[in-house]
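Using the numbering used here, you'd call the opening residue of the sequence shown number 13 and step up by one each time. Beta carbons: idealized from backbone N, C-alpha and C, even for Gly.
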Amino acid sequence: GNLYYHFRNKDDIINSIFVRFEQEMERRLKMPEDHKATLGESWGYLQYMSEFLWNYRFLYRDINDLLARNRMLETNFKRIVDQKKRFALEICRQFQEDGDMDATPEQVDAICTNIVVIATYWLSFQFVQHPRQYNDPEQIRGYLHGSSYHIFSILAPYLRGKAREAFDQLAREYAAQKAAADAAKLEKDRK
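And the structure:
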């Protein structure tokens, strides 16, 4: 009701929200020039990003419908997807330079494309998997953080040395947290 006082229609509201989202996303997808991220930092960064994306979940949950109906979103969202891929390529490049990743350019391109697909459609996938829990912040937070594990699982076969050790440790921690959350949910459902 009140939003229509300030905006002509629903698309104007969505466009206004998207402009803020796009500005924040561009800021978050810039690599610091003087710092190379470790695998652990990258994992944490993905969790940080998943929290941010949760705030704009309606864009991701209904992405195909929004893009089909809104030319501005169609154009600008593609640019964000391209930025995500460049960001993933830069992280892989850093891992390769540090000897933490061994992959051909073709493999890196495929890895980065898959990372972007997961990062872009993870919320939609979780909604399909858990539609009745989608508004439960604690449940969905666990599902969102699972995206870090799934994204780095794509990288895992190519990781070497300390990066592989870090992934294995983070994967064990994730598995333990997931098992505890699943047990708590099962107990809650029994009551």
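Spanning the alpha carbons of Arg73 and Pro143 requires a straight line of approximately 11 Å. Judged by DSSP secondary structure, Asp121 falls within the alpha helix (DSSP H) whose first and last residues are 117-141. A straight-line Cα-Cα distance of about 29 Å links Arg39 and Thr116.
Leu41 sits in coil when the DSSP states are folded into three classes, being neither helix nor strand. Burial state of Leu135 is buried, judged by a 10 Å Cβ sphere holding 16 or more other Cβ atoms. Contact between Phe99 and Met43 holds, since their C-beta atoms are separated by about 7 Å, short of 8 Å. In the DSSP assignment, the residues bridged to Met113 are Leu171.
Residue Asn27 holds the alpha-carbon nearest to the alpha-carbon of Arg83 among Ser54, Trp55, Gln141, Asn27.
Distance from the CA atom of Leu85 to the CA atom of Leu71, rounded to whole angstroms, is 9 Å.
With fewer than 16 other CB atoms across the displayed protein chains lying within 10 angstroms of its CB, Leu198 is exposed.
Contact check for Asp112 against Lys22 fails: the beta carbons are separated by 8 Å or more. The C-alpha of His157 lies about 8 Å from the C-alpha of Leu58.
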